[in-house]
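Chemist: Sequence lines, in order, name chains A and B.
One point on numbering: in our numbering, the residue at position 81 of the first sequence is 75, and numbering is uninterrupted.
One point on numbering: in our numbering, the residue at position 89 of the second sequence is 83, and numbering is uninterrupted.
2 protein chains.
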Amino acid sequence: MDQSRAVVALAALAQETRLAVFRLLVRAGPEGMVAGSIAEHIGVPGSTMSHHLATLERADLVVSQRESRLIRYTVNFDGMRGLLGFLMADCCQGNPALCDDLLSVPACQPALAGADR
Amino acid sequence: MDQSRAVVALAALAQETRLAVFRLLVRAGPEGMVAGSIAEHIGVPGSTMSHHLATLERADLVVSQRESRLIRYTVNFDGMRGLLGFLMADCCQGNPALCDDLLSVPACQPALAGADR
DNA sequence: TCGATGTTTCTACAAACATCGAAATGTCTT
DNA sequence: AAGACATTTCGATGTTTGTAGAAACATCGA
């Protein structure tokens, strides 16, 4: 992961529709979802969704696999880990004691009850 | 953290100069850096840097504090944690067993030896 | 091979954004 | 109060991006 790849990945996520798609696929897990189903779920035309999915794939945040007529998209957790690691590299001058628990992200936990926070 | 706040934060990071600034501040840790020093370090005019720092601050990714003539910027780790948590909420249908170690981000670790990866 | 279904490419345009010089604002020293 | 220093706001310009309809492409079932 280098700086410009990270910018591509962040830009891919920095858009309402694509962020919604990404989070939908995060929730879907390894099974992923097919393109048409994603478009329907989010509520945008197929051409628009195709464009967004291509952007996410170019950013290495999702991967696609053809299943006869359908194309199934799943989150690329490796790509995601690369991005997060890049963002936090050498945190606090490489001294974890200064900030390690600040990043105890509740990965894979249900969202907190109530609001989306 | 809601969807549109997350988009604002991701958009703030999805830009070469701002991403470089953010990572610089991540490395700087709690001490942060003053605006002029950041601009000099990155190599952009003060007016441009001011614009970018304001964007990062609006996104809750950094905080600023005036010190007489200088303005010191530091990473807002709380804001960052909120963003990462939002991205990964309900990962794999809330079943950590499916993906938990996929997100074992080496937070606060030195970047891997060699290239920026 | 034909028609149906699912997805992508093409195209065009409006809206949002990055950049940086100049001027304005805030703060310190004397 | 004046001048120096640090930073922000303003203004103008060129570039990038999101959107979605129409057409093209790929795959399947009959």
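Glycine included, every Cβ here is placed at the ideal spot set by N, Cα and C.
I'd like to check one pair, Leu47 of chain B with Asn70 of chain B: are the Cβ atoms closer than 8 Å?
Modeler: Cβ atoms of Asn70 of chain B and Leu47 of chain B: not closer than 8 Å.
Chemist: For Arg12 of chain A, which residues from the same chain have a beta carbon less than 7 Å from its beta carbon, with the 5 sequence-adjacent residues on both sides left out?
Modeler: For Arg12 of chain A, where only same-chain residues beyond five positions count, the Cβ hits under 7 Å are Ala6, His46, Thr49 and Leu50.
Chemist: Can at least three beta-carbon pairs, one atom from the segment 72 to 88 of chain B and one from the segment 30 to 40 of chain B, be found at a separation below 8 Å?
Modeler: Short answer: they don't touch.
Chemist: Can you tell me which of B:Met74, B:Val57, B:Asp72 and B:Gly73 puts its alpha carbon nearest to the alpha carbon of Arg66 of chain B?
Modeler: Among B:Met74, B:Val57, B:Asp72 and B:Gly73, the Cα nearest to that of Arg66 of chain B is on B:Val57.
Chemist: May I ask which residues mark the beginning and end of the alpha helix (DSSP H) holding Val2 of chain B?
Modeler: Start and end: Gln(-3) to Leu7.
Chemist: I'd like to know if Gln9 of chain B contacts chain A, where contact means its C-beta is closer than 8 Å to some C-beta of that chain.
Modeler: Taking Cβ atoms only, chain A reaches closer than 8 Å to Gln9 of chain B, which makes this a yes.
Chemist: Would you kindly report the start and end of the unbroken beta strand (DSSP E) that includes Glu25 of chain B?
Modeler: Where Glu25 of chain B is concerned, there is no enclosing beta strand (DSSP E), given that its DSSP letter is neither H nor E.
Chemist: Could you tell me the alpha carbon to alpha carbon distance between Leu77 of chain A and Ala0 of chain A, rounded to whole angstroms?
Modeler: Approximately 6 Å between the Cα atoms of the pair.
Chemist: In whole angstroms, give me the CA-to-CA distance for Val15 of chain B and Val28 of chain B.
Modeler: Using only the alpha carbons, I get a separation of about 11 Å.
Chemist: Does the beta carbon of Leu78 of chain B come closer than 8 Å to any beta carbon on chain A?
Modeler: Leu78 of chain B counts as touching chain A.
Chemist: DSSP on Val38 of chain B, reduced to helix/strand/coil?
Modeler: Reduced to three states, the DSSP call for Val38 of chain B is coil.
Chemist: Check whether the Cβ atoms of Gln(-3) of chain B and Arg21 of chain A sit closer than 8 Å, and answer yes or no.
Modeler: Not a contact, by the Cβ cut-off of 8 Å.
Chemist: Thr42 of chain B: which of B:Gly73, B:Glu10, B:Gly79 and B:Arg63 sits nearest, CA to CA?
Modeler: Looking at the Cα atoms, B:Glu10 is the closest of the given residues.
Chemist: Can you give the Cα-Cα distance for Pro24 of chain B and Leu18 of chain B, rounded to whole angstroms?
Modeler: Straight-line Cα distance between these residues: approximately 12 Å.
Chemist: How long is the line joining the alpha carbons of Gly30 of chain A and Gln59 of chain A, rounded to whole angstroms?
Modeler: The straight-line gap from Cα to Cα measures roughly 14 Å.
Chemist: Could you check what DSSP says for Leu55 of chain B in three-state terms: helix, strand or coil?
Modeler: Leu55 of chain B falls in the coil class under three-state DSSP.
Chemist: Would you say Gln112 of chain A lies against chain B (beta-carbon separation less than 8 Å)?
Modeler: Outside the modelled stretch of chain A, which goes from -5 to 111, sits residue 112 of chain A, for which no answer is possible.
Chemist: Taking the beta carbon of Leu4 of chain B as the centre, do at least 16 other beta carbons fall within 10 Å, making it buried, or is it exposed?
Modeler: It is buried - the Cβ of Leu4 of chain B has at least 16 other Cβ atoms within 10 Å.
Chemist: Considering only C-alpha positions, which residue in the set B:Met(-5), B:Ala8, B:Ser44 and B:Asn89 is nearest to Leu64 of chain B?
Modeler: Checking every option, the nearest Cα to that of Leu64 of chain B belongs to B:Ser44.
Chemist: Please return the same chain residues whose Cβ sits closer than 6 Å to the Cβ of Met154 of chain B, not counting the five positions on each side in sequence.
Modeler: This structure cannot settle anything about residue 154 of chain B, because the visible part of chain B is limited to -5 through 111.
Chemist: Let me see if you follow: with CB-CB separation under 8 Å, is Leu13 of chain A close to chain B or not?
Modeler: Closer than 8 Å: yes.
Chemist: What residue range is occupied by the uninterrupted beta strand (DSSP E) comprising Arg66 of chain B?
Modeler: Taken as a continuous stretch (DSSP letters only), the beta strand (DSSP E) holding Arg66 of chain B covers Leu64 to Val69.
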